Structures are given as C-alpha cells and as structure tokens.
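Input: a single structure, listed below in structure tokens.
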Amino acid sequence: MHSAYPGRHSHRSAILVVSLLLDMCIHAPVPIQAQSRLLDMNRQTFPTAPVAASGELSRQVRDALSSIPQSLRQQRFPSDAVRTIGMSGDPRLLWYLHDLQRFTTQTSASIVIEAFEKLSNTELPDESFRVMGDRVLAWNLPAPPNYRLLKRDLFLLIEPRWAPFFDDADSAIDWR
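All residue numbers for the sequence shown refer to my numbering, where the first residue is 17 and numbers rise by one.
Written as structure tokens, this is what we have:
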C-alpha cells in the first residue's frame with residue numbers, strides 16, 4: 017500500500033537517521049584527550065603532562081634502578097640513583113618515583129620529590145605523596161620498560177610472600 021503523501025516517509029527516515037546520529041554523538045564516550053581538562057581535588061587543573069619517552073632506558077638509568085632495592089635492603093637511601101632517575105628525561109619513570117615514595121624517611125622524601133619535580137617539570141605542593149599519585153594517574157603516562165619487575169623488586173622488600181603476585185608475566189594487571 018502506498019501513502020497518499022509520497023515524500024513523507026523519506027523525510028521521516030531522514031529525521032530519524034539524523035536524530036540517531038545526534039544521539040550517538042551526544043552519548044558517545046569522549047577520549048580523555050578530547051575532554052575538558054581534568055581537575056584535582058582542589059578543583060584546579062593538573063599541570064600539562066610531560067611527553068612520554070619511548071624505547072629502552074639508558075644504561076645509566078637501568079644501573080640506577082637496579083641499585084635501589086639493594087640499597088634499601090641495606091637500609092641506605094639511594095640518593096644518587098634517585099637523582100639519576102630525576103635527570104633522566106624519561107617521564108615514564110614518574111611511576112617508579114611514586115612507588116619509591118613509600119620507602120622514604122622524613123629526610124629522604126625531599127630527594128624523591130625533587131626528582132619527581134625535575135622529571136615532570138612541575139612543582140609539588142604540600143601533600144606531595146598524594147599529589148604525585150594524582151598526577152601520574154591523571155597524566156596516564158605509559159609505564160617504563162620492565163615496570164612489573166621494577167615494582168616487584170621494591171615491594172618484595174615489604175612482603176616477600178607477594179612474589180607470586182608479580183610472577184605472572186601474562187597477567188592483565190596494569191602495574192601502574
């Protein structure tokens with residue numbers, strides 16, 4: 017059966033299609049980069065994320081990273097190694113500095129904070145531990161190479177029974 021108004025269905029179809037497309041655009045998830053700037057707990061925008069490096073870490077940085085757990089095991093804070101990380105120019109290591117903050121004393125915390133500030137090219141306000149975590153999460157930087165193993169070497173100093181947790185190389189855990 018044909019309608020008495022031949023063009024009417026095509027207009028309705030066009031309106032329906034346009035409505036559906038608009039609805040999809042309005043309700044579609046927006047990538048983080050396209051969203052308005054993220055705000056911290058004080059409703060301030062986060063500083064601009066540093067540009068993440070790619071590829072392997074330099075030999076000097078790898079040596080610094082491998083020396084840290086041994087120093088901590090000997091109850092010595094690895095100040096020089098932390099400074100090397102801070103001067104590396106590789107913001108992926110901000111994740112590691114945030115982890116390392118858990119192993120600082122009142123006197124050594126400033127070394128990690130300085131390294132974080134240098135590497136991120138930002139200043140940290142009070143409550144630096146929380147702010148460091150908020151920033152690395154907001155910036156969504158990639159993890160450095162072998163981050164699972166780097167994190168394992170730190171956290172097994174706290175609890176060796178966590179080893180199986182870190183042993184699964186195929187785990188879907190986001191170690192950041």
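Glycine included, C-beta positions come from ideal geometry on N, C-alpha and C. It should be emphasised that the depicted structure is a prediction, and the values quoted were computed from it without experimental measurement.
Practice item. Count the CB pairs spanning the stretch 154–168 and the stretch 98–117 that are closer than 8 angstroms, and state whether there are at least three. Key: yes
Check your understanding: CB residue 169 to CB residue 85, shorter than 7 angstroms?
Key -> yes
Exercise for review: State the beta-bridge partners of residue 55 as determined by DSSP.
Suggested key: Beta-bridge pairing links residue 55 to 61.
Exercise for review: Any chance you could list the alpha helix (DSSP H) runs of at least 4 consecutive residues sitting entirely within the stretch 97–169, in chain order?
Suggested key: Here the runs fully enclosed are 110–116, 125–136, 144–155.
**Study point:** Spatial neighbours of residue 87 in its chain, beta-carbon cut-off 8 angstroms, leaving aside the 5 residues before and after
**Key:** 93, 94, 97
**Study point:** Simplified DSSP state of residue 178, which is helix, strand or coil
**Key:** helix
Point to revise | Boundaries of the alpha helix (DSSP H) in which residue 83 is found, first to last residue | key: 75–89
Check your understanding: How big is the Cα-Cα spacing for residue 135 and residue 179?
Key -> 30 angstroms
Check your understanding: Buried or exposed: which applies to residue 71, given that a residue is buried once 16 or more other Cβ atoms fall within 10 Å of its Cβ?
Key -> exposed
Exercise for review: If I'm right that residue 129 touches residue 116 with Cβ under 8 angstroms, what's the distance once you round it to whole angstroms?
Suggested key: Going by Cβ atoms, the distance from residue 129 to residue 116 rounds to 11 angstroms, so no, they are not a contact pair.
Review point. Relative to the alpha-carbon of residue 112, which residue among 182, 103, 81, 121 has its alpha-carbon at the smallest distance?
Key: 81
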